[in-house]
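Everything on this sheet refers to the single structure shown next.
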Amino acid sequence: MKTYVPDNNSTEQNWVVVDASDVPLGRLATLIASRIRGKHRPDFTPNIMNGDFVVVVNAEKVALTGKKMDQKVYTRYSGYQGGLKKETARTAIAKHPERVIEHAVFGMLPKGRQGRAMHPRLKVYAGEQHPHAAQQPTKLENK
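Here it is as structure tokens:
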């Protein structure tokens, strides 16, 4: 059985910018996760990281449908007794909107060494500005 080894031309990673304004969180996260993983490419191979770098802007304007703003709860645990912290999606977006998108996307990436290596490919910013203009990212349209 012959294994696939990509040449240098097929492993180029692009930079894309996604605008999160008024896009449902789940649809945005699936678009970003598949882009980071490289599933949009015709030469997708699960064990090779050939996805894109994704820059998300306007994270504070992401939409949640239904009553999720008040009913969705993010929890974290410090490890100590009584150390369970809970916050709703409304307060999480108000405090740190970047983490809400990161949490949704990281849950859709593979668990393990390769998934942890994909985490730095996601750059999320609350406002319109981002410092990645030197990479010449292309704008990705949300369908």
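Counting from 34, one number per residue, gives the positions in the sequence shown under our numbering.
The beta carbon of each residue, even a glycine, is placed where N, CA and C say it ideally should be.
Just so it is clear, the structure is predicted and the values come from calculations on it, not from any experiment.
- [ ] Would you be able to state if there are at least three C-beta pairs under 8 Å between the stretch 125-144 and the stretch 58-68?
- [x] Because the criterion of three Cβ pairs below 8 Å is met, the stretch 58-68 and the stretch 125-144 touch.
Task: Residue burial classification, G59 (beta-carbon count within 10 angstroms, cutoff 16) - done: By the 10 Å Cβ count, G59 comes out exposed.
TODO: Could you tell me whether the stretch 75-85 touches the stretch 121-128, where touching means 3 or more Cβ pairs closer than 8 Å?
DONE: Output reads no: the stretch 121-128 does not touch the stretch 75-85.
- [ ] Classify L58 as helix, strand or coil using the three-state DSSP reduction.
- [x] Three-state DSSP puts L58 in a helix.
Task: Boundaries of the alpha helix (DSSP H) in which T124 is found, first to last residue - done: That run of the alpha helix (DSSP H) goes 122-128.
Task: Integer-rounded CB distance, given that L173 should sit under 8 Å from V49 - done: Between V49 and L173, the beta carbon gap of about 4 Å places them in contact (Cβ cut-off 8 Å).
Task: Selection from Q114, K72, P164, V95 that minimises the alpha carbon distance to D55 - done: Among Q114, K72, P164, V95, the Cα nearest to that of D55 belongs to V95.
- [ ] Measure the C-alpha to C-alpha separation of Q169 and R109 and round it to an integer number of angstroms.
- [x] Their backbone Cα atoms lie some 36 Å apart in a straight line.
TODO: Using a threshold of 8 Å, state whether the C-beta atoms of L61 and I126 are closer than that.
DONE: For L61 and I126, no; Cβs fall outside 8 Å.
TODO: Specify, as a first and last residue, the run of the alpha helix (DSSP H) that D85 falls within.
DONE: Here D85 belongs to no alpha helix (DSSP H), and DSSP marks it neither H nor E.
Open item on the list: Measuring straight from C-alpha to C-alpha, what distance separates A92 and H163?
Closed with: Each residue's alpha carbon lies about 12 Å from the other.
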